[in-house]
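Structure first, commentary second.
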Amino acid sequence: MGEEYRGLGWKHGALVVQRQGAMLAPITFLLANGAQVSPMHVGPWAEEAGMEALPGILRRLRGEWPCVPFGYAVPGDDAPEAWARHMTPPAPDEEVHGLSSNVPWTWGDCDAETLRLSLDYPEADPVRRLERIVTPDPSAPAVDVELRIEIRHDCRLPIGLHPTFHLPAEAGGATLEPGKFDHGRTYPGTVEPGATLFAMDETFADLSAVPGRAGGTRDATTLPFAEDIEELLQLNGVAGTMALANRAEGYRVRLSWQPEHFPSVLLWYSNRGRKMAPWSGRNVSLGIEPICSPFGLGIDTAQADNPVAASGTPTARDFVAGETFVTRYRIEAEPI
2 MGEEYRGLGW
12 KHGALVVQRQ
22 GAMLAPITFL
32 LANGAQVSPM
42 HVGPWAEEAG
52 MEALPGILRR
62 LRGEWPCVPF
72 GYAVPGDDAP
82 EAWARHMTPP
92 APDEEVHGLS
102 SNVPWTWGDC
112 DAETLRLSLD
122 YPEADPVRRL
132 ERIVTPDPSA
142 PAVDVELRIE
152 IRHDCRLPIG
162 LHPTFHLPAE
172 AGGATLEPGK
182 FDHGRTYPGT
192 VEPGATLFAM
202 DETFADLSAV
212 PGRAGGTRDA
222 TTLPFAEDIE
232 ELLQLNGVAG
242 TMALANRAEG
252 YRVRLSWQPE
262 HFPSVLLWYS
272 NRGRKMAPWS
282 GRNVSLGIEP
292 ICSPFGLGID
302 TAQADNPVAA
312 SGTPTARDFV
322 AGETFVTRYR
332 IEAEPI
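Each residue of the sequence shown is one higher than the one before, starting from 2 at the first, in my numbering.
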């Protein structure tokens, strides 16, 4: 099985991948102006005692990782009927964001230029195996990632990627720069009671003018928020690129992916809104998560004619027995 962490260094930076969830972070980029920046988030509880009792995804939550399948969020009793009729509770053994997010992976053939990990799924699962390949760009402060999904049986699943980015301490010190998208939707429920900002189950066209829970609109691009917030927004019909300009720390980080594989992006605003352990009101980060899913609301909801699917954006992907699905994406940074 090998060691828990492995790293790579190159002219433009250094990175670490852990076996748990195959999570990628930290990444330190050396920019053209000589600045060293670390754009990926690491959970503030990562090195605290007692973390092994947490669900696998939370034990050393950090950076970026794949979610196969992508779910399971539960919006609560306030979900509108258009959503509630498609929702079912998770199965007793169903893990948040799939097996891939919750267990240690196995190291593959690694060298000075590439890290490889794989994960075999149980015999009864329609997914046979995942492989993850992390390769720094030798000519730039950038990292290229490849995900391969080997399919055992025909299936239709929601899938996603889970990049989570560091935010500055200063309220309003960063600006989210969305690529083109067709429309956005607010979450059809309450992510965290007492930590709401956006109206429930509304659509919008401008990320800087999202319908607010208390009326009016709220700017969802200027971060972090001054308030304690835990929220989700989903952008559909995306172009496959989005950037976060961390003006307080002088850099821009950009995520690029294949929109034909992930036609939506889920924005997870974790802004001191979760007060229970291990979050304890101290987590400040932004998830920019390319997905084929409706808000991560579980497999049954993703496969149904939910409101996102009904609007024309796929929320689950069809896989064929014997197929190897391959997708590629990139994280890169530059000075502002």
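Glycine residues also receive a C-beta, built at the ideal position from the N, C-alpha and C atoms.
Taken in chain order, the complete beta strand (DSSP E) segments of 3 or more residues contained in the region 4 to 67 are 6 to 11, 14 to 19, 25 to 31. Note on the region 179 to 254: whole beta strand (DSSP E) runs with a minimum of 3 residues are 184 to 187, 230 to 237, 242 to 247, in chain order. Ranked by Cα distance from P105, the options A80, Q21, A113, G51 are led by Q21. Ranked by Cα distance from H87, the options R214, V321, D319, A310 are led by A310. Between L236 and T176, the C-beta gap is not smaller than 9 Å, which leaves the two residues out of contact.
Per DSSP, V97 lies in no alpha helix (DSSP H) and is assigned neither H nor E. In the DSSP annotation of this structure, the continuous segment of the beta strand (DSSP E) that includes A143 starts and ends at 143 to 152. By alpha-carbon distance to E114, the top candidate from G35, H13, G313 is H13. Among the bridge pairs identified by DSSP, R273 is matched with I230. Going by DSSP, T302 is part of the alpha helix (DSSP H) stretching over 300 to 304.
Rounded to the nearest whole angstrom, the C-alpha separation of L100 and G195 is 30 Å. Here DSSP, grouped into helix, strand and coil, assigns W84 to helix. According to the DSSP assignment, V309 belongs to the alpha helix (DSSP H) that extends over 308 to 311. In the three-state DSSP reduction, E335 falls in the strand class (E or B). Straight-line spacing of the CA atoms in D207 and V266 works out to 14 Å.
Of the other Cβ atoms in all chains shown, 16 or more fall within 10 Å of the Cβ of G274; this residue is therefore buried. A278 counts as exposed, since fewer than 16 other beta carbons sit within 10 angstroms of its beta carbon. Between the C-alpha atoms of A210 and W84 there is a straight-line separation of about 24 Å.
Cβ neighbours of A26 within its own chain (closer than 6 Å, five residues either side excluded): M41, V43, R63, G64.
Under DSSP, F320 takes part in a beta bridge, and its partners are C156. Note that the C-beta distance between P308 and D202 is below 9 Å.
In this structure, H163 lies near W66, with their beta-carbon atoms less than 9 Å apart. By the Cβ criterion, the region 316 to 333 is in contact with the region 250 to 265, since at least three pairs of Cβ atoms, one from each stretch, lie closer than 8 Å. With 16 or more other Cβ atoms inside 10 Å of its own Cβ, H98 counts as buried. Sequence-distant partners of S294 (beyond 5 residues in either direction) whose C-beta falls short of 6 Å from its own C-beta, in its chain, are F71, P159, G161, A303, T316. Ranked by Cα distance from D220, the options G241, L59, L198, V18 are led by L198.
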